[in-house]
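Notes to accompany the following structure.
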C-alpha cells in the first residue's frame, strides 16, 4: 500500500516554475491523506491567490502521485487558508532563495 511518505516523495517532482523549487520544500503542500482503497487527497496552496499555475500543478500532482504503484485516484485540493508565507519553507529552500 502507498504511504504518505511515498506521496510526499512523488510531490517533490512538482516544481514551481518561477522559483525553481519543489512544492514540498516550499511548504505549499499542507496535507496528504491516503484512504482506503489507496485514494490520495492532497491539500495544497500557491504562493499567492493570483498565481495562474493552479490547474497545471493539480495535473502534475495527479500525474506524479498517480504513477505510484497501488494508488487509486488522486484528488488535489487548492486552498488559501492558511495563507502561505516564507516561514513555511524548508531550511534548504530558505537558503536557496536567500531567506
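Numbering (my numbering), first residue to last: 74 to 172. Beta carbons: idealized from backbone N, C-alpha and C, even for Gly.
Let me check understanding here. Comparing Cα to Cα, which of 91, 149, 163, 85 lies closest to residue 118?
Among 91, 149, 163, 85, the Cα nearest to that of residue 118 belongs to 149.
Residues in the same chain with beta-carbon distance under 7 Å from residue 116, minus the five sequence neighbours each way, listed in chain order, please.
Here the set comprises 103, 104, 150, 152.
Nearest CA to the CA of residue 155: which residue from 92, 89, 122, 93?
Nearest C-alpha to residue 155: 122.
Less than 9 Å between the beta carbons of residue 114 and residue 144, yes or no?
No, the pair does not count as a contact, with Cβ atoms beyond the cut-off.
List the whole-angstrom C-beta distance separating residue 99 from residue 166, where the pair is believed to meet the contact cut-off of C-beta under 8 Å.
Rounded, the Cβ-Cβ distance is 6 Å, consistent with contact.
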